[in-house]
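I have placed the structure first, in the form of structure tokens, so that the comments after it can refer back to it.
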Amino acid sequence: MIKEKIMSILAEELGVELDEIKTNSNIQEDLGADSLAVVEVIMAFEDEFDIKIPEEDTEKLTTVKDIVEYVESKIE
Amino acid sequence: MNKSKIIATGKYSPELAVSNFDLEKVIDTNDEWIYSRTGIKERRISQNESTLDLTYKASLDAIKKNNIDLSTIDLIIVATTTPDYFIPSTASLLQSRLGLNDSHVTCFDISAACTGLIYGIQIADKFIASGSVRKALVVGAEIFSKVLDWEDRGTCVLFGDGAGAVILEQSDKGILADYTNSSGDDNLSLTLPAVSLGSPFSLKELDCHSNNYLKMNGSEIFKFAAYAIKDSIDHILVKSNLTIEDIKYIVPHQANQRIIAKVSKDMKIPLEKFYMNLEYYGNTSAASIGMALDDLYGEDNLIEGDKILLIGFGGGLTWGSILFEY
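Chains as they are written, first to last, in the UniProt record's numbering: chain A, 1 to 76; chain B, 1 to 326.
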């Protein structure tokens, strides 16, 4: 559920097709996010899941898998 | 007559336009990178003009275009973080340059970074509403090119030099609502150091100008900016009992096109409602809102009663908005 939500946010924010997004996709290298787009998707996750993602954590979130695990750990 | 109205706008920017391609020759960057992340194509850079020069020329533009009687100005506020001097204030120097030394004028500078013009208009509006002054000249002016680290490609490509002026006077309508806020930036995500300690009695060696550059944490400021614009819109609409559809134009601080696109998308406000000119000027800090407003006025498509919302956000952290009727 969280994973699907994250993927749909990535698709919307980055303007990519949902089926292009895989668990191991790198959001910058594979999905074409530039540095500001990374901030934009982080902001969208913060709003959607009502969490705060500090900058030091943002740097570690490079793949879809990283993000899913991080968000799950935050809302548990 | 206890309100104030913006009766004139003016702007000035240095003649030298520095394009992204020009920057490619100076630092390791490129047009595509800059334009896609900021919406900026070029910025104006001062070669030999001072902050006072820019301030004066923007003021003169506002005065001349609108046939303002100089002698009736009794308040001058300059919003700047890049003055020529700490003493005297830019406003005092401007008074002199305008030939108003024999007039009764209150003059001071304010420091609210990119929100400076919003704070300045708010202060002027209160002075006028209280009856203390009749006519106020408020100028946002910056020469950021002198405080940029020209080896830091993350910041030096973003900013430009310029000045924007507005003149307010007593009226029975005009400014409808104001909102300002601040949140002390203890993470120091946007800083420009001042003179450091260096007396014969201080514990550190004198190093007043080592590393005296603007520093910015771009991603933190991006998040803040998007929040600040939304917060400013929400508060001003509640205060004025209006909806976003009632607003003809939003003139935001011209920091980055991507910030505006994000807010437009999140709040479902058409992008065309945001008036932008940063493509040609970059981020001119306290000058940007006045410069953009003057360009908007210059397009001649406003009619009396149109509601315009100015929004500032920046270092401090500070943010806020002014809603007025054209």
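Even for Gly, the Cβ is constructed at its ideal location relative to N, Cα and C.
The C-beta distance from GLY162(B) to SER232(B) rounds to 22 Å, too long to fall under 8 Å, and the pair is not in contact. For LYS268(B), the closest Cβ of chain A is not nearer than 8 Å. Between VAL251(B) and ILE308(B), the gap from beta carbon to beta carbon is short of 8 Å.
Here MET7(A) is buried, its C-beta having at least 16 other C-beta atoms within 10 Å. About 4 Å separates the Cβ atoms of TYR326(B) and ASP306(B), confirming a contact at the 8 Å cut-off.
Taking the beta carbon of VAL71(A) as reference, no residue of chain B falls within 8 Å; the closest one sits roughly 17 Å away. In the DSSP assignment, LEU94(B) falls within the unbroken alpha helix (DSSP H) covering 90-97.
In this structure, the straight-line span from the alpha carbon of TYR12(B) to that of LYS146(B) is close to 17 Å.
Interface flag for SER219(B) against chain A is set, since a Cβ pair is found closer than 8 Å.
One thing to note: ALA62(B) has its Cβ no nearer than 8 Å to the Cβ of GLY140(B). Spanning the alpha carbons of VAL157(B) and LEU23(B) requires a straight line of approximately 7 Å. The beta carbons of LEU75(B) and ALA136(B) sit closer together than 8 Å. Distance from the CA of VAL26(B) to the CA of GLY154(B), rounded to the nearest whole angstrom, comes to 14 Å. Inclusion of THR284(B) and GLY116(B) in the CB contact set at 8 Å is not warranted, their separation being larger than that value. At a cut-off of 8 Å between beta-carbon atoms, ASP57(A) makes no contact with chain B. Annotation: the continuous alpha helix (DSSP H) that includes LYS262(B) extends over 257-267.
Residue environment: ASN20(B) is assigned as buried (16 or more neighbouring CB atoms within 10 Å of its CB, all protein chains considered). If only complete runs of 4 or more residues are kept, the region 32-97 of chain B shows the alpha helix (DSSP H) at 51-65, 90-97, in order along the chain.
With a 10 Å radius around the Cβ and a threshold of 16 neighbouring Cβ atoms, GLY184(B) comes out exposed.
In this structure GLN254(B) is buried. Its beta-carbon is surrounded by 16 or more other beta-carbon atoms within 10 angstroms. Around the Cβ of PRO14(B), a 10 Å sphere holds 16 or more other Cβ atoms; the residue is buried.
Residues of the region 26-43 of chain A with a C-beta atom less than 9 Å from some C-beta of chain B are ASP34, SER35, LEU36, ALA37, VAL38, VAL39, GLU40, ILE42, MET43, listed in chain order.
Only TYR227 from the region 227-250 of chain B bring a Cβ to less than 9 Å from some Cβ of chain A.
If you look at PHE224(B), you'll find it in the alpha helix (DSSP H) that goes 218-240. By the Cβ criterion, the region 41-56 of chain B is not in contact with the region 111-127 of chain B, since fewer than three pairs of Cβ atoms, one from each stretch, lie closer than 8 Å. Here LYS25(B) carries a coil assignment [DSSP, helix/strand/coil]. At a cut-off of 8 Å between beta carbons, PHE222(B) contacts chain A. Taking 8 Å as the threshold, the shortest C-beta distance from LYS262(B) to chain A falls below it.
Neighbours of ARG153(B) in chain A, taken as residues whose beta carbon is under 7 Å from its own, are absent, since the nearest beta carbon is some 12 Å off.
Taking CB atoms only, SER145(B) has no neighbour in chain A less than 8 Å away.
Taking a C-beta distance under 8 Å as the contact criterion, LEU190(B) and GLY314(B) qualify as a contact pair. Uninterrupted beta strand (DSSP E) stretches at least 3 residues long and entirely within the UniProt domain "Carrier" (1-75) of chain A do not occur. VAL166(B) has its alpha-carbon roughly 19 Å from the corresponding atom of ASN2(B). Of the other Cβ atoms in all chains shown, 16 or more fall within 10 Å of the Cβ of VAL39(A); this residue is therefore buried.
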